[in-house]
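Report on the following structure.
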């Protein structure tokens, strides 16, 4: 049985312990099409120090989860999304072979799900990335229709995620990244331990296979408690001060 670590403490990324030399997205051996898309969207082709820190945390020796706090959501997205979409492209260059997500964005509300979906869709517009969407403001048949063929990314509300895992509708065997999107919006009364236990029954491996990225404009007791319920691996915190 995987052990939940109950991580509620703040653990700042040790930026000064790493010799981070800011250069170009080529430093990550990133696919040219993804770098081109970063430029087309008028982001700087010089990555932020936070992007380097995220890559170190997620992908280097001691893999850790990452919790972003005190950021605006549109600012945070560019720090992590190119890195993770590049990784799934690298692992599955010809597209996913199974009807299992490689990246899952979990949101509190349908409105937040549509916001996340729009951001992902805009970034991946010129890439061969398939996105599925599931939220409770549309018929379940519509939600399931987009999941009937292999897809890379699933954007889903907490309510629908709970429905899908308790009904055995979805599996997580290939899941590489779970993004807890805008934790400051989440409801602290949901039993997230039960939810994560059901996810584990459906193949989710949060210790060995799947990295967690959490985003929140606030770091308070509610967001700490929710994040802790998903914590099976150590983490680093990234805040605006991590840029320095």
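In this note's numbering, the protein residues as written are 3 to 246.
Virtual Cβ for every residue (Gly too), placed ideally from N, Cα, C.
None of these values were measured; they are calculated from a predicted model.
Check	Outcome
Identity of the residues DSSP links to residue 63 by a beta bridge	DSSP lists no partner for residue 63.
Counterpart residues of residue 69 in DSSP-defined beta bridges	216, 239
Nearest neighbour of residue 56, chosen from 195, 219, 67 [CA to CA]	67
Endpoints, the beta strand (DSSP E) within which residue 107 is located	105-109
For residue 163, the three-state DSSP class (helix, strand or coil)	helix
Residue 2: first and last residue of the uninterrupted beta strand (DSSP E) it sits in	Residue coverage of the chain in this structure runs from 3 to 246, which leaves residue 2 outside it and unanswerable.
Cβ pair residue 59, residue 65 closer than 9 angstroms	yes
Contact check, residue 112 vs residue 137, beta carbons under 9 angstroms	yes
DSSP state of residue 14 mapped onto helix, strand, coil	strand
In DSSP terms, what residue 157 is bridged to	107, 135
Residue 81, enclosing alpha helix (DSSP H) - first and last residue	75-93
Top-ranked residue by Cα proximity to residue 205, from 123, 27, 171, 17	171
At least 3 beta-carbon pairs within less than 8 angstroms: the segment 170-185 vs the segment 100-107	yes
Local Cβ density within 10 Å of residue 2, reported as buried at 16 or more and exposed below that	One cannot answer for residue 2 here, as it falls past the ends of the chain, which runs 3 to 246.
Simplified DSSP state of residue 232, which is helix, strand or coil	coil
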